[in-house]
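The structure under discussion appears below in the form of structure tokens.
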Amino acid sequence: QGFTPPIATEGDDVTIFGTDLGDVINALGGNDKIQGEGGNDTLNGGIGDDSLFGQSGNDSLLGGDGNDTLYGGVGDDFLFGQSGNDSLQGGNGNDTLSGGVGNDLLFGQNGNDSLLGGDGNDQLQGGNGNDTLNGGIGDDLLVGQSGSDQFIFDLNSGNDIVNGFAVAEDIIKVSANFGFSNSNQLLGAITLSGSTTTGGLFSDLALSPSDTIRIFHDLPLVAANFTVV
310 QGFTPPIATE GDDVTIFGTD LGDVINALGG NDKIQGEGGN DTLNGGIGDD
360 SLFGQSGNDS LLGGDGNDTL YGGVGDDFLF GQSGNDSLQG GNGNDTLSGG
410 VGNDLLFGQN GNDSLLGGDG NDQLQGGNGN DTLNGGIGDD LLVGQSGSDQ
460 FIFDLNSGND IVNGFAVAED IIKVSANFGF SNSNQLLGAI TLSGSTTTGG
510 LFSDLALSPS DTIRIFHDLP LVAANFTVV
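If you want it as structure tokens, here you go:
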């Protein structure tokens, strides 16, 4: 059974500590700092600019309204920034990060993570592991980093940048709603725009008049780098 500490207030709480059980902590209003400690915790920052630390366990962190900072820690965590310009760090484990509304920073770090930017101009970094990155609505920057990463693009995805795309292991998944039928069609729509000062390549893919992807990649792109879903 979890424990709900009766110490959160509508004001600025210095630090709210959980226990080694599965705690449920609602910070209410104010700029709060919540530390879950052990157990599978649920931390809700509420209104204000909050800092939430899941620590160990499979935790759920909800930023609420405000510009929040969420740290998952060790375990398979769920981080949801909600409203505001939030910073989410998964830590160790296979984490799910969702920015919500606002211009958010998402860092998967270690593990096979799933990152969804939501509404706004977001920056997503997968970190170590085989990650899935979806910027959502807005002009987003997606960086897979180490591992075999997947980049997801739906309608109204905006003008996005994929940086550090590894041709040998990464995949771009495009919604069939854009009108493409197969990977060869996507490859055929690519425009090789040039090379970077370090010798890398970058290409542009127009999915629609308002949805584009600029891909910075290490080797020439091939059909196997694309799929229609």
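Counting in this note's numbering, the sequence shown runs from 310 upward without gaps.
For every residue, glycine included, the Cβ atom is placed at its ideal position computed from N, Cα and C.
Keep in mind it's a predicted model, so treat the numbers as computed, not measured.
Item to complete: Look at the alpha carbon of Ile461 and the alpha carbon of Gly503, and state the distance between them as a whole number of angstroms.
Response: 24 Å
Worksheet entry | Nearest-angstrom Cβ-Cβ length linking Gly357 and Asn340, presumed shorter than 8 Å | 5 Å
Worksheet item: Just to confirm, are Gly390 and Gly409 a CB contact at a threshold of 8 Å?
Response: yes
Worksheet item: When DSSP labels each residue in this structure, what does Gln494 get in the three-state scheme?
Response: helix
Discussion item. One question on the structure: do Leu442 and Ile470 come within less than 8 Å of each other, judged by their Cβ atoms?
Written reply: no
Practice prompt. Out of Phe525, Gly509, Pro518 and Leu464, state which residue places its alpha-carbon closest to the alpha-carbon of Val537.
Written response: Leu464
Worksheet item: For the beta strand (DSSP E) that Ala533 lies in, which residues bound it at each end?
Response: Neither: Ala533 is in no beta strand (DSSP E) and is coded neither H nor E.
Discussion item. Using the three-state DSSP reduction, which class does Pro518 fall into: helix, strand or coil?
Written reply: coil
Fill in: Close-in-space but distant-in-sequence residues of the same chain around Glu478 (CB under 7 Å, 5 per side omitted)
Ser457
Worksheet item: With 16 as the cutoff for other CB atoms within 10 Å, does Gly445 come out buried or exposed?
Response: buried
Worksheet item: Under the three-state reduction of DSSP, which class applies to Asn486: helix, strand or coil?
Response: helix
Worksheet entry | Beta bridge counterpart(s) of Ser502 as assigned by DSSP | BP columns for Ser502 are empty, so no partner.
Practice prompt. Look at the alpha carbon of Ala593 and the alpha carbon of Leu424, and state the distance between them as a whole number of angstroms.
Written response: Coverage of the chain is limited to positions 310 through 538, which leaves residue 593 absent and any answer about it impossible.
Discussion item. For Gly488, tell me which candidate among Asp440, Asp368, Leu516 and Gly453 has the shortest Cα-Cα distance.
Written reply: Leu516
Worksheet item: Using a beta-carbon distance below 8 Å, is Leu415 in contact with chain C?
Response: In summary, chain C is missing from the structure at hand, where a single protein chain is found.
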